[in-house]
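These notes are about the structure you will find just below.
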DNA sequence: CTGGCAGATGAGACTGAGACTCATTCCTGT
DNA sequence: ACAGGAATGAGTCTCAGTCTCATCTGCCAG
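Protein chains in written order, with this note's numbering: chain A, 190 to 337; chain B, 190 to 337.
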């Protein structure tokens, strides 16, 4: 199931890029395909390293350029969880999304979902003097292993 | 009223530092006093610049060291709002705290409070397999001026 | 099919936040 | 007042992320 979803996101991303007028090129394709295989947030460095490990060398500039374009089209979300480096993750076209628990000791990042939280944020977003189009929630603490 | 609260935080911070075994020194005092005068999140660079502008030159290393110690004691919260640089703000001893709206166009950062959101997070924190001791919510979008 | 151009890419230099080092200075308890 | 250790400053170093520019390539016109 999750494999199917990833494939869908990848195709959806290629479609959106094409509609936005972008040409096809090896570097962007490699980055998009790699992102499609991720289930949670990865850093630009992770992407660069993974591609390199897989034998495809993509210039860092191309990785960042692609991430910027994908974020612009709303295909990925950029987030910072307090470790100094930005992370990116595919945005599910269905609208379903999650947030993150971060272990401040080992640096582990774990996703979670909560409907009640989403509702509270949605209601709040309507009330403020801001046109809110995205949000990010990060819970800091100690993961099971580190807290023990 | 808010002036009183700031003074309280500053004193509280000095007390906590002393109890934690830290000695008194000019650099740390300058940083704590400056933080006590802030109402919302500032960057380490802001602090350095403000102190420099005020005639007190404090080495960047001292600024970062102090921020780290204060964060360790729970006197300030470190947060990242998606601009690549960390921000810090005093934690009100009363427990009252706020989150942030960030304008992705002009970079403006505005605080907000919401009891319902806090409750949702508190409930959620009890349910997850993590010892949650802090949280951060960032709403991204366009501020009134930029959205117009 | 082919030439040419606009967009895509790669390699490397550059920037800036933040971490690290270590010699010097300054508290603090005795 | 003094010794020992913590605090500080100045500078260096690292590394994520940005920028530049020369080269390459997908894509369309002819």
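Backbone N, C-alpha and C fix where the C-beta goes; we use that ideal spot for every residue, glycine too.
In the assembly as shown, residue 248/B is an exposed residue. Its beta-carbon has fewer than 16 other beta-carbons within 10 Å. For residue 324/B, the residues of chain A that pass the 8 Å Cβ criterion are 326, 327, 328 and 329, in the order they occur in the chain. Going by DSSP, residue 254/B is part of the alpha helix (DSSP H) stretching over 249-261.
The three-state secondary structure of residue 293/B, taken from DSSP, is coil.
Rounded to the nearest angstrom, the gap between the Cα atoms of residue 272/B and residue 271/A is 12 Å.
Within the region 250-270 of chain A, the residues whose Cβ lies closer than 9 Å to any Cβ of chain B are, in chain order, 267, 268, 269 and 270. Around the beta carbon of residue 219/A, a 10 Å sphere encloses 16 or more other beta carbons of the protein chains shown; the residue is thus reported as buried. By the C-beta density criterion, residue 318/A is exposed, having fewer than 16 other C-beta atoms within 10 angstroms. Within chain B, the residues 290, 292, 299, 328, 330, 331, 332, 333 and 336 have their CB atoms less than 8 Å from the CB of residue 319/A, given in chain order.
Beta-bridge partners of residue 300/B (DSSP): 289/B. Secondary structure of residue 335/A (DSSP, three-state): helix. A direct Cα-Cα distance of roughly 36 Å separates residue 245/A from residue 328/B.
Taking residue 255/B as the centre and dropping the five residues before and after it, the same chain places the C-beta of 217 and 220 closer than 6 Å to its C-beta, in chain order. Scanning chain A for C-beta atoms nearer than 9 Å to the C-beta of residue 224/B yields nothing, as the closest lies near 19 Å away. The Cβ atoms of residue 289/A and residue 298/A lie closer than 7 Å to each other.
Sequence-distant Cβ neighbours of residue 229/B in its own chain, meaning closer than 7 Å and more than five residues away, are 278, 298 and 300. Per the coordinates, the alpha-carbon of residue 236/A lies some 7 Å from the alpha-carbon of residue 223/A.
Listed as beta-bridge partners of residue 323/B by DSSP are 329/A.
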